[in-house]
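*Asks:* One structure is given below, represented as structure tokens, and several questions about it will come after.
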Amino acid sequence: MCPDLAKVEAILGRYPRDESSLVMVLQDIQEEFRYLPGEALQRVATILDIPRARVFSVSTFYRVFSREPQGRVLVQVCKGTTCHVRGGEQIEREICRELGAAVGSTTPDGQFTIRTVNCVGACAMAPVVVAGDRYHGEVRASRVHRILRDAARAREAADAGTPARRVPDVPNLSSPGDLFAFHARATAVAAETARVRVCGGPGCLAAGSRAVRDAIEDAAAAENLPLRTDFGGGPHRPGERLLELTGCQGLCQQGPLVHLAPEDLLYTRVRPRDASEILRGLAAGRAVERLLGETCGRAGHPFYAGQLPLALSTCGAVDPDSLEEYVASGGFLALAGALARGSPAGVLAAVEASGLRGRGGAGFPTGRKWRSALHAAADSGHAPYVLCNGDEGDPGAFMDRAIMEGSPFQVLEGMLLGAYAVGAREGWLYVRAEYPLAVQRLEHAVATCRQAGLLGERILGGPLSLDLRISRGGGAFVCGESTALMRSIEGKAGEPRAKYTRSVERGLYDRPTVLNNVETWALIPGIVRHGPQWLSSHGTARSKGTKAFSLSGQVRRTGLVEVPMGTTLRELIFGVGGGMRDGRRFKAVQTGGPSGGCLPESMLDRPIDFEELVAAGSMMGSGGMIVMDERTCMVDVARYFVDFLLEESCGKCGPCRLGLSQLSYLLGRVTRGEARAADFGRIEEIGAGMMTNSLCGLGKSAPNPVLSTLRYFRKEYEEHLQGRCPAGVCRALIRYEISADCPGCLRCIEACPNGAITGEVKVQHVIDPAKCDKCGICQAICDKYDAVRIVSGEGPWTTA
Amino acid sequence: MDDRVTLVIDGREIRAAAGTFVLGAARSAGIEIPTLCDHPALEPAGACRLCMVEVSHPDWKEWRGLVTSCLYPVVEGLEVATGNERVLAARRQVLTLLAARCPNAPLIQDLAARHGVETAGLAVDPAADNCILCGLCTRVCEAHATAAIATINRGVSRTIGTFADAPPEDCVGCGACVLVCPTGHLADERGASGYRIWECTFETAACVVERTRCLGCGSCEEACPFAVARVVLHADGRRVAVIPPEHCRGCGACVGACPSGAIDQEHFGRAAILSRLNTARRSVFACGRADLTRRSLPAGMGIVGLPCTGRVSGMQLLAAVTRGGEGALVLGRQQETCRLNGAEDPVCSRVERVQAALRAVGLSPARIRFAVPGAGREGAIAAVREFASALDALGPHPVRDAAPEGLFEDEGLDSELAVLGWLSGRETLRPDGSAWLARHGLPGLAPDGDLLFAGILPYLSMLADPLFAPISLPEVLRDAVAVLRALGSERVGVHVGGCGIVAPHHVSTFPAARRVIALCFGEADGLAAVGVRAVAIDRLLLERAGVWPRPARATRVACDGSEEAERLIAELGHEPVDVGLDPLPVGFRISPVRRREAERRLAAAEAGGARTLLVPDPASLARWAMVTRRGTWRSSRIRPVMAHQLFLLDPRDWGRSRPLVAQLVGGER
């Protein structure tokens, strides 16, 4: 097969002809051909003047690239932690069985390609499957067949794709005064605007909120109700409503959410068919009772009551694509104020005084980082770069996704202020490939800002000039590490380097570089606008302000939350989160992603704070928080993280690459009941070695999930030595049995792919352990009677 | 500002250059730290993690951290421990994992055993390969070759591989990857078909000796980095170089070094290379490792691809600046990381020799250059660009007329002399030997002094001095100056003119000299042909022979039996031995037959009790010096001399200072 090289040329034509374009070019080629043809790679190597082997190396480093043609429908099974904890592995097996293909391969008819993806960032709806471009949340094995059938049909229907949103007409703002005037106009419009806010956050999208929004628009047209979809654009008609798809409103677990303002009615679990009822209710001035959640609106809602949205102040409240609405909510006032009345030193001083620490996980003081960059810039004579780390790779974390999708302008304003403070002229936003919507929203925001004179030369007529570019990641967790991220922006494989010279001094292209994560940047405008105490008045002595978390797992209210530092884990999980699901018992909470650890109940009263979490054996991380109950096996979780990192380790240094594979081997033995007590010593030894000897933070923190579970849940490890998995997860140690509750409905017999179940109508069915491969379909099918039990160990010990 | 810092390693104060790393500082102090991914020719990578040391930074005294010494910069006041328990524990942890990964790698297993590491309880694959992913192979290929290999995939599935897992088109077979591999995981194969690596075969460009042209001088033996080329003495007295094809690696270093053009190389025939020089205005001599073939070069630049730049001969360099060419760049390429190791130093000195010759004939020596470019693809191209702009700055080539085509058909000393001869006949060039004279301590011209016309002798010396050892051609001139001073010339200066020819425009550079003195009768005749009245030094000796004290002890001097020679010998107080006519041809291409005849003549001289052979002119002296080269088994006890040296002759003076000269010069005063 000879690919159309003209298309390759066209793609190459869009980017500068040097190495920095490599990853972008490969991404476009992958999108165009659904794989990377060898001829195309050769052409790329020639035109970009890179050795062919290096092009190949990069193309095999990032997971988004494939060397074989992909199917027409890409089925992505999320392998995030929450999805894993909530049965993602079973869904994965079921999809493979349904399609008769393995993960990573394509069905013979070329229709489907199955891939796993390390977290799509819709954890609140776990387990998640993305079929084509549709997200499916809370997938059950029994629904897999329908999802795949629909995806195949949808593909045929909508090959045209969705048109990108047009950059709206925005005024050119050539001075701070222009912006203040724009703000005044926009605020006036906002004050008289009533809204229908459909949540477009990751969770609600997975639950189908886009269809809800469209249904409301259609219903309005059908019933001739005044509804507009653009915030700006002329005066409002009386009684007109603004319909917008906002960023994440937080309460993902009860989505799709529709929030009505100014009435403050929060409708939960809205279906498209509810659209006309909602609109009629609005017209009549009454609420649709059956759609209301725990409380009428957000006010007084236990989920929102304990929160303090600072980074998330505009997320979920505005149309993410509307500059005007962002400005109406106070956006860019900080920038205009700093340019009109402030100074770079003033911005830096405010950030320093606020005590802000990096929200990416390690908690380095942001102000100090910026000051180092200023010094490095003075020493080297090069202006620093500003970078935004949007490579939210931690499985089980989606705060940054929500911010980038929900308030992209806020991130840009933060970066503009940062650039002003450190004297940067160029910047990049590095966004992971698994977040296409975030890329789209940010691109739209950057284009809008350029048009409005908020990016480019002499911003608002002042001394600040900044050009921002967006760099898409390639599906590599390690690229969240600062030096690897910089290598990736340079178009190389994302391998970290030793940081004995800090990247603030020698970072991107060996120039001084300020890298902050999305949440950090999003906090900057507030600090500059309202003063340092806006942040520093909250939090603990050493950790100021708030922290956004994505609360997921076996908790009642999953979603996006932001609480003051110092809030205890218990308050967060049992207050905001509403406690455990289905009345189960709390077992552990996982924070910090693969670099963090699992904390037991005894740690729940610890306040959330950078140092406290480290002392407890975990870490803040970027803010993923996965709650686990007694059905979660801690050995399995440890093995899950090790296997996750085994795929994600770059492999450059031995301790990480080899240590992880040994840990995987040893934990695999534990989960199969083959381990001996001495193996635990080996695990600890290897873990300790990895912590001191690995090259980068990924390797150094990789043993944390293992060591923390071994520390707090040693008893559970030891039970595995006896051949028992108390949580009923480790497949080698469990068997399925049908209890006396079985009504004899035959459904499980039909569903069992191995013919392992026998029985007759109205007679208790029996599973033949010899034939059963423990796929768990029977248990998923039997949700009505709950008669299928998992048994582990010798005794009549059951769990369900 | 002092650019050195003082740090303490294992309790010892050590000075190290700022900007270097702890590992280097420790090693320079003799403190050994084990490493697996470090190489002197490469930037440190910090991949193997074996070189961990504990440091205590002066700014954070309470902090003691484990760092990789290969990447940790030296800092004033840094304290380093390379062998405390914490360091050893870290090293053991690293080695445990490596030992489990590579149970079959002796290096790893030895290291593990020495550190008391055991792998019980870990996953060990008894059939595992020996790759530890130190990255040396890919890094050396990127830095010093063509980046034909790279790391493929990531994490556990990371391997070393090639584009699309196919035999790499861009591999040049330098074998650097194999050379640097610490565990012997990468293997190559040298067989009858050539060199095999990465499933590519590189035919060996074997060097082949043309026996009828070989004079057995041993240059090839000295040039060959692998001790493959040897001079063999046959029973019948023939001495011929032998290069067994099965052992030859094909670097071509011997071809570049051969003074008689007797060796040529398969696939890289001399004619083909010389004809390539015709097409490029500016030549870049480079091996495949420079990776220039697919790059866009500055205008007019043409690549002359060679298996190794050690192949570059003086003739090629001269042709590159004569045959319409403006200049030539020779790119070295970190010889210690190439399987054709070691041919770079000779070519570097060859370039210097030709530069000296160019300067002497009046061309700028900047027209040729040897450069070892920086690492990576950009290094080579940057060197080429820089050379191109240097040539631009030099302006147009001063010689516009075309050289006769026959000049460029061959290599070797004769061809080089011919090219230099042609060049020195160009009116736009003004010979200038002052640099060479100064270098060898010879007096320059003084107004109203005597002018000693050096003729071809400086050029022979520039191009091939080691070939005549232990006879030093500048020494011959120094002798002549001494003798002339003894004969009463007070302000004698040496004139370096054309190479083998005297053109009328050279004569115009003669100052108003008192006398022009030639080194031999032949050169006096040559000067006469352009209207310069010159006197041969032999004539001066004959004229004054009777006046001077005779040597304390007469020696027997072999000669061709001509009346002139015998008279000179006798007049200077020695005893002539007739050994027959000189069998050596004009020029420096001496066949084994002629060589054997020369050996016979030397044998006859020895039989006649002579230790000295009188030769008539400088070229002849050089030829006989080649034949009698000392220092190897090829040497002869007979030493060729020119007439003026007879004046100084005392067998005991061989190779030592010349008391007689001092006595004579001093005596006259």
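Chain order of the listed sequences is A and B. Residue 306 in my numbering sits at position 306 of the first sequence, and the numbers go up by one each step. Residue 1624 in my numbering sits at position 624 of the second sequence, and the numbers go up by one each step. Glycine is no exception: its CB is placed at the ideal position from the N, C-alpha and C atoms. Please read these numbers as outputs of a predicted model, since none were measured by experiment.
1) For chain B, find out if any of its Cβ atoms is closer than 8 Å to the Cβ of A/Asp679; answer yes or no.
2) Please state whether the Cβ-Cβ distance between A/Glu325 and A/Ser276 is less than 8 Å.
3) Determine, using beta carbons only, whether A/Pro703 comes closer than 8 Å to chain B.
4) Could you spell out where the beta strand (DSSP E) holding A/Val514 opens and where it closes?
5) Quick check on DSSP: helix, strand or coil for A/Ala131?
6) For B/Asp1578, which three-state DSSP category applies?
7) For the region 1214-1280 of chain B, which segments carrying the alpha helix (DSSP H) assignment without a break, of at least 4 residues, lie completely within its bounds, in sequence order?
8) Can you tell me whether DSSP reads A/Ala831 as helix, strand or coil?
9) Return the chain-ordered list of same chain residues with a C-beta closer than 8 Å to the C-beta of A/Leu5, the five sequence neighbours on each side being excluded.
10) Just the C-alpha distance for A/Pro238 and A/Val386, rounded to the nearest angstrom, thanks.
11) Buried or exposed for A/Asn172, going by 16 or more other Cβ atoms inside 10 Å?
12) Identify whether B/Glu1326 lies in helix, strand or coil by the three-state DSSP scheme.
13) So A/Gly553 is in the beta strand (DSSP E); what residue range does that whole segment cover?
14) Can you pull the chain B neighbours of A/Cys119, defined as C-beta to C-beta under 7 Å?
15) Output, in chain order, the set of chain A residues within a Cβ distance shorter than 7 Å of B/Cys1048.
16) Any residues in the region 1423-1445 of chain B with a beta carbon nearer than 7 Å to a beta carbon of chain A? Which ones, in chain order?
17) How would you call A/His259, buried or exposed, if buried means at least 16 neighbouring beta carbons within 10 angstroms?
18) Just to confirm the assignment: which complete alpha helix (DSSP H) runs, minimum length 4, are found wholly within the region 1116-1202 of chain B?
19) List, in order along the chain, the chain B residues whose C-beta lies closer than 8 Å to that of A/Thr60?
20) My assumption, with CB atoms under 8 Å, is that B/His1267 sits in contact with B/Glu1203. Please give the rounded CB distance.
21) Tell me whether B/Phe1521 sits in a helix, a strand or coil according to DSSP, three-state version.
22) Going by other Cβ atoms of all chains shown within 10 Å of its Cβ, with 16 needed for buried, is B/Pro1576 buried or exposed?
23) What residue range does the alpha helix (DSSP H) around B/Thr1612 cover?
24) Please report the distance separating the alpha-carbon of A/Ser792 from that of A/Gly285.
25) DSSP three-state label for A/Thr591, please.
26) For B/Arg1656, does the three-state DSSP call read helix, strand or coil?
27) Using the Cβ count rule (16 or more neighbours within 10 Å means buried), how would you classify A/Tyr509?
28) Which residue from B/Leu1413, B/Gln1645, B/Pro1458 puts its Cα closest to that of B/Met1626?
29) For B/Glu1409 and B/Gly1609, what's the separation of their Cα atoms in angstroms?
30) Any beta carbon of chain B sitting closer than 8 Å to that of A/Thr520?
31) Once you ignore the five residues that flank A/Pro168 on each side, which residues in its own chain have a CB closer than 6 Å to its CB?
32) Tell me, please, whether the CB atom of B/Met1301 is closer than 8 Å to any CB atom in chain A?
33) Name, going along the chain, the residues of the region 1113-1145 of chain B whose beta-carbon falls closer than 9 Å to a beta-carbon of chain E.
34) Beta strand (DSSP E) containing A/Asp629: first to last residue?
35) Work out the CA separation of B/Ala1360 and B/Ala1435 for me, nearest whole Å.
36) Work out the CA separation of B/Val1075 and B/Pro1443 for me, nearest whole Å.
*Replies:* According to the structure data:
1) In the first sequence, residue 679 of chain A corresponds to position 679, counting from 1. Yes, because at least one Cβ of chain B sits closer than 8 Å to the Cβ of A/Asp679.
2) Looking up residue 325 of chain A in the first sequence gives position 325. Looking up residue 276 of chain A in the first sequence gives position 276. Their beta carbons are not under 8 Å apart, which means A/Glu325 does not touch A/Ser276 by this criterion.
3) The residue labelled residue 703 of chain A in the question sits at position 703 within the first sequence. Output row for A/Pro703: interface = no.
4) Here residue 514 of chain A refers to the residue found at position 514 of the first sequence. It spans 513-517 - the beta strand (DSSP E) in which A/Val514 sits, taken as one unbroken run.
5) Here residue 131 of chain A is taken as the residue at index 131 of the first sequence, counted from 1. Reduced to three states, the DSSP call for A/Ala131 is strand.
6) Walking along the second sequence from the start, residue 1578 of chain B turns up at place 578. Residue state, collapsed to three classes: strand.
7) 1219-1223, 1253-1257, 1270-1279
8) An answer regarding residue 831 of chain A cannot be provided, because it is not within the stretch 1 to 800 covered by chain A.
9) Translated into positions along the first sequence, residue 5 of chain A becomes position 5. Counting only Cβ-Cβ distances below 8 Å, and skipping sequence neighbours, we find Glu39, Ala40, Arg43.
10) Numbered from its first residue, the first sequence carries residue 238 of chain A at position 238. Numbered from its first residue, the first sequence carries residue 386 of chain A at position 386. Roughly 45 Å between the two C-alpha positions.
11) Taking the first residue of the first sequence as 1, we reach residue 172 of chain A at position 172. That one is exposed.
12) For this step, residue 1326 of chain B is matched to residue 326 along the second sequence. Here B/Glu1326 sits in coil by DSSP.
13) Translated into the one-based positions of the first sequence, residue 553 of chain A becomes position 553. From DSSP, the beta strand (DSSP E) with A/Gly553 extends over 546-553.
14) Taking the first sequence and counting its residues from 1, the one referred to as residue 119 of chain A is at position 119. Ordered by position in chain B, no residue passes the 7 Å Cβ test against A/Cys119, which lies about 17 Å from the chain.
15) Stepping through the second sequence from its first residue, residue 1048 of chain B is reached at position 48. Residues of chain A passing the Cβ test: Gly654.
16) none
17) Translated into the one-based positions of the first sequence, residue 259 of chain A becomes position 259. Its Cβ being crowded by 16 or more others within 10 Å, A/His259 is buried.
18) 1136-1144, 1176-1180
19) For the purposes of this step, residue 60 of chain A is identified with residue 60 of the first sequence, where counting begins at 1. Per Cβ cutoff of 8 Å: Ile1152, Asn1153, Arg1154.
20) The count along the second sequence starts at 1 and reaches residue 1267 of chain B at position 267. The count along the second sequence starts at 1 and reaches residue 1203 of chain B at position 203. With 8 Å as the limit, B/His1267 and B/Glu1203 qualify as a contact, their Cβ atoms being about 6 Å apart.
21) Taking the first residue of the second sequence as position 1, residue 1521 of chain B is located at position 521. Three-state result, B/Phe1521: helix.
22) Position 576 of the second sequence, counted from the first residue, corresponds to residue 1576 of chain B. B/Pro1576 should be labelled buried.
23) For the purposes of this step, residue 1612 of chain B is taken as the residue at position 612 of the second sequence. Element bounds for B/Thr1612: not the alpha helix (DSSP H) but the beta strand (DSSP E), 1612-1614.
24) Within the first sequence, the letter at position 792 stands for residue 792 of chain A. Within the first sequence, the letter at position 285 stands for residue 285 of chain A. One C-alpha to the other measures close to 56 Å.
25) Counted from its first residue, the first sequence places residue 591 of chain A at position 591. DSSP places A/Thr591 in strand when its eight states are reduced to three.
26) Here residue 1656 of chain B is taken as the residue at index 656 of the second sequence, counted from 1. Caution is warranted here: a pLDDT of 40 is assigned to B/Arg1656, below 50, making its placement in the model unreliable, and no coordinate value can be reported.
27) Taking the first residue of the first sequence as 1, we reach residue 509 of chain A at position 509. A/Tyr509 comes out exposed.
28) Your numbering for residue 1626 of chain B matches position 626 in the second sequence. Nearest C-alpha to B/Met1626: B/Leu1413.
29) Within the second sequence, residue 1409 of chain B is the residue found at index 409, counting from 1. Within the second sequence, residue 1609 of chain B is the residue found at index 609, counting from 1. Each residue's Cα considered, the two are about 43 Å apart.
30) By one-based count along the first sequence, residue 520 of chain A stands at place 520. False, the Cβ-Cβ gap to chain B never drops below 8 Å.
31) On the first sequence, position 168 is the one that residue 168 of chain A refers to. Here the set comprises nothing.
32) Residue numbering aside, residue 1301 of chain B sits at position 301 when the second sequence is read from its first letter. So no, B/Met1301 is outside the interface.
33) Absent from the structure: chain E. Protein chains present are A and B.
34) Within the first sequence, the letter at position 629 stands for residue 629 of chain A. Start and end: 624-629.
35) As a working note, residue 1435 of chain B is residue 435 in the second sequence. As a working note, residue 1360 of chain B is residue 360 in the second sequence. Answer to the nearest angstrom: the Cα atoms are 8 Å apart.
36) Taking the first residue of the second sequence as 1, we reach residue 1443 of chain B at position 443. Taking the first residue of the second sequence as 1, we reach residue 1075 of chain B at position 75. Each residue's alpha carbon lies about 53 Å from the other.
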